[in-house]
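Below is one structure; the comments refer to it alone.
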Amino acid sequence: MSAIEIHNLSKSFGKVKALDSVSLSVERGELFGLIGPDGAGKSTLFRLLTTLLNPDDGSASVDGYDIVKDYLSIRSRVGYMPGRFSLYPDLSVEENLNFFAALFGVTVEESYDLIAPIYSQIEPFRTRRAGKLSGGMKQKLALSCALIHRPSVLFLDEPTTGVDAVSRSEFWDMLAGLKERGITILVSTPYMDEASRCDRIALCNEGHILGIDTPQNIVEKFDSPLYAVRADNMFTLLESSREVQGVVECYPFGEVHHLVASNDFDVKHYKEALNHIENLTITPTQPTIEDMFIKLMKR
Amino acid sequence: MSDIVISVRELTKCFGDFAAVDHISFDVRRGEIFGFLGANGAGKTTAMRMLCGLSYPTSGSGTVAGFDITKEGEQIKRHIGYMSQRFSLYNDLTVWENINLFAGIYGLSKADTESRATELLERLNFTSERNTLVGSLPLGWKQKLSFAIATIHRPEVVFLDEPTGGVDPITRRQFWEMIYEAADGGTTIFVTTHYMDEAEYCSRVSIMVDGKVCALDTPARLKQQFAAESMDEVFRTLARGAQRGE
Chain H
304 MSAIEIHNLS KSFGKVKALD SVSLSVERGE LFGLIGPDGA GKSTLFRLLT TLLNPDDGSA
364 SVDGYDIVKD YLSIRSRVGY MPGRFSLYPD LSVEENLNFF AALFGVTVEE SYDLIAPIYS
424 QIEPFRTRRA GKLSGGMKQK LALSCALIHR PSVLFLDEPT TGVDAVSRSE FWDMLAGLKE
484 RGITILVSTP YMDEASRCDR IALCNEGHIL GIDTPQNIVE KFDSPLYAVR ADNMFTLLES
544 SREVQGVVEC YPFGEVHHLV ASNDFDVKHY KEALNHIENL TITPTQPTIE DMFIKLMKR
Chain A
5 MSDIVISVRE LTKCFGDFAA VDHISFDVRR GEIFGFLGAN GAGKTTAMRM LCGLSYPTSG
65 SGTVAGFDIT KEGEQIKRHI GYMSQRFSLY NDLTVWENIN LFAGIYGLSK ADTESRATEL
125 LERLNFTSER NTLVGSLPLG WKQKLSFAIA TIHRPEVVFL DEPTGGVDPI TRRQFWEMIY
185 EAADGGTTIF VTTHYMDEAE YCSRVSIMVD GKVCALDTPA RLKQQFAAES MDEVFRTLAR
245 GAQRGE
């Protein structure tokens, strides 16, 4: 039995279809990523799976329990860290942790071994009010509270949004540690470069899933020739490249532009067509998750 | 008009005995896309607030769009543009109402508002959306409109605070093309981001660590200096050296 099973789940808010017949399953012990921008339906999916909302249509189970019928059983088995900081700002670090432990009928001592790698980093500030913590420390406290009852499934809604690149990477290291302890983790992020830290990912956009697979297999499905191009004037290069025959798309990609070509694209012809552009270089390159996301969005 | 749009020297802001911004100095030239990076807690927001005239420095000096940041905060606020992902437009107002509101805040006359609004709507191909509620526009359109409104008073410099957070990859790129275009037209862009690929799009990038600017150059030269493949690597190298927490 999978840790999470979702069949044709739909949820609308007024005229907005937040989730449109979504299906996926997450295996036990898997670190599964929902990758997509705002409005993809990620938070709605979390709120359905944590039984805070009921679906309009479809069904889902978490840890074998139905999200509608067995909602009480689910609540004691899952940990949930919502996108917005949702601890008590007027309680201290320690008081928040004790409070959540009491709610779930456990003690901090019982779960200390599980939360230690994370909680020990903020323990020196245990008497500080949660509202006075920095962003990164709040995040660690929220994760500690979400783990206090030793959940079998952990739901993390955009834990790294607005966090700098180094802290984000440290957070993913913590998740890798929790996965080692056998916890199933469903985590969402708008940062495409974090996809590689997951066992499998679902690319989500506007209530739909565009694709589900391992990060490696997702990029292998990119079936067009892809080039990295650069020149002195990158803006001119972008506009001119789009005019050349065989160029399906050209878009900025860090220090280069990525050029998606059709099968009749000819590098020699491209260089000739753009011979007025100074210091033009074009080299074949490997697609990334973001290239695939763009391709699937356009489809 | 001077070619230096932002100039700060030894700019410092202390809260008690904590130096959030610690003697930073740099210049930003007209038409540059200046990337302002730093780890969480490095002092970016505090520095931005001083540059936007929202708070005064403890010590140091500087000018933004020709005004003194130590005493002309009100003038600065009128002469810059500002856009962030968190606060942009009012969803419950129409396109036209939003334009009118912000034009009024920036002190444009009724006649100027009317002519610039018409010009703006034509340029964005939005004329038919004049009376549409902003909340019902697609995200990409909202962002374009938001940027156009942030520059409706034709500021010399526009501050973009994480303008693309949570935005899909296609819209994010459309937004950057708009920035390129504005910079090409002479508008100076001062931008913060957590997307390291976007740091590569900047003319020059500064990286703050522990309240200080510890690197400032073109992305190409920074990568050379730190023997790094990407700006992501440069950022990691510098941010890992940070002593103070967030």
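If you read the sequences in order, they're chains H and A.
Here the numbering used here = 1-based position in the first sequence + 303.
Here the numbering used here = 1-based position in the second sequence + 4.
Note that the Cβ used here is the ideal one computed from N, Cα and C, for glycine as well.
Please read these numbers as outputs of a predicted model, since none were measured by experiment.
Within chain H, the residues that residue i reaches when beta carbons sit closer than 8 Å
i              : result
D26 (chain A)  : By Cβ distance, chain H contributes nothing, its closest Cβ being about 18 Å from D26 (chain A), past 8 Å.
R240 (chain A) : A468, V469 and S472
E123 (chain A) : Here the premise fails: no neighbours, minimum Cβ distance about 22 Å.
Chain A contact residues for residue i, given Cβ-Cβ distances below 8 Å
i              : result
E575 (chain H) : Neighbours of E575 (chain H) on chain A: none; closest Cβ ~25 Å, over 8 Å.
P518 (chain H) : Result: empty, since nearest Cβ-Cβ is about 16 Å, beyond 8 Å.
Any C-beta of chain H under 8 Å from that of residue i
i              : result
R177 (chain A) : yes
D172 (chain A) : yes
L143 (chain A) : yes
S234 (chain A) : yes
Y86 (chain A)  : no
P223 (chain A) : yes
H157 (chain A) : no
E160 (chain A) : no
W100 (chain A) : no
Y205 (chain A) : yes
Chain-ordered chain H contacts of residue i [CB-CB under 7 Å]
i              : result
R134 (chain A) : Within chain H, no residue comes near R134 (chain A); the closest Cβ sits about 22 Å away, beyond 7 Å.
E36 (chain A)  : Those within 7 Å of E36 (chain A) in chain H number zero; the least Cβ separation is about 14 Å.
A83 (chain A)  : Looking at the sequence shown, residue 83 (chain A) is not Ala but His. Chain H residues near H83 (chain A): none, gap ~26 Å exceeds 7 Å.
Bridge-paired residues (DSSP) for residue i
i              : result
Y554 (chain H) : H:H561
N508 (chain H) : H:H511
H310 (chain H) : H:S362
Y269 (chain A) : Examination of residue 269 (chain A) is not possible in this model, given that chain A is present from 5 through 250 alone.
R503 (chain H) : H:F335
L489 (chain H) : H:F335 and H:F458
M384 (chain H) : H:L459
D72 (chain A)  : A:T67
S315 (chain H) : H:K320
C18 (chain A)  : A:A23
K216 (chain A) : A:V213
A531 (chain H) : H:H561 and H:T586
Y368 (chain H) : H:V365
Distance CB(residue i)-CB(residue j) smaller than 8 Å
i              : j              : result
A343 (chain H) : L352 (chain H) : no
A246 (chain A) : A43 (chain A)  : yes
T347 (chain H) : L322 (chain H) : yes
G336 (chain H) : I504 (chain H) : yes
S544 (chain H) : L577 (chain H) : yes
P462 (chain H) : V490 (chain H) : yes
D172 (chain A) : P340 (chain H) : yes
A531 (chain H) : N582 (chain H) : no
V162 (chain A) : I109 (chain A) : no
G170 (chain A) : T464 (chain H) : yes
I451 (chain H) : V411 (chain H) : yes
L149 (chain A) : L128 (chain A) : yes
F388 (chain H) : K441 (chain H) : yes
D502 (chain H) : T487 (chain H) : no
E390 (chain H) : A433 (chain H) : Checking the sequence, you will find Leu at residue 390 (chain H) rather than Glu. Going by C-beta atoms, L390 (chain H) is nearer than 8 Å to A433 (chain H).
I153 (chain A) : F194 (chain A) : no
Cross-chain neighbours of residue i in chain A, by beta carbon under 7 Å
i              : result
I597 (chain H) : P173 and I174
N399 (chain H) : The premise fails here: N399 (chain H) is roughly 18 Å from chain A at the closest Cβ pair, so nothing lies under 7 Å.
N508 (chain H) : D172
L340 (chain H) : A small correction: the amino acid at residue 340 (chain H) is Pro; Leu does not occupy that position in the sequence shown. Result: G170, V171 and D172.
F388 (chain H) : Simply none; closest approach about 14 Å.
F538 (chain H) : Y184 and D188
CB contact check: residue i to chain A, cutoff 8 Å
i              : result
V532 (chain H) : no
G367 (chain H) : no
G465 (chain H) : yes
F349 (chain H) : no
M600 (chain H) : yes
F407 (chain H) : no
Proximal residues of chain A, C-beta to C-beta of residue i below 9 Å
i              : result
E593 (chain H) : P173 and D201
F525 (chain H) : What F525 (chain H) touches in chain A: nothing, since even the nearest Cβ is about 14 Å away.
Neighbouring residues, chain H, relative to residue i (Cβ below 9 Å)
i              : result
A219 (chain A) : Under the 9 Å cutoff, chain H gives no residues; its nearest Cβ is about 15 Å from A219 (chain A).
Under 8 Å by beta carbon: chain B residues contacting residue i
i              : result
A243 (chain A) : Looking at the structure shown, chain B is missing, and the protein chains on hand are H and A.
Residue i: CB within 7 Å of a non-hydrogen atom of the ligand FMN
i              : result
L334 (chain H) : In terms of ligand content, the structure shown is empty, and the ligand FMN therefore cannot be addressed.
Check each residue of the stretch 544–559 of chain H: if its Cβ is closer than 8 Å to any Cβ of chain A, include it; give the result in chain order.
Y554, P555, F556, G557 and E558
Identify each residue in the stretch 308–336 of chain H for which the Cβ-Cβ distance to at least one residue of chain A is less than 7 Å, and report them in chain order.
Within the stretch 308–336 of chain H, no residue qualifies.
Listed in chain order, which residues of the stretch 479–500 of chain H have Cβ atoms closer than 9 Å to some Cβ of chain A?
P493, Y494, M495 and D496
Closer than 9 Å, Cβ to any Cβ of chain H: which residues of the stretch 106–117 of chain A, in chain order?
none
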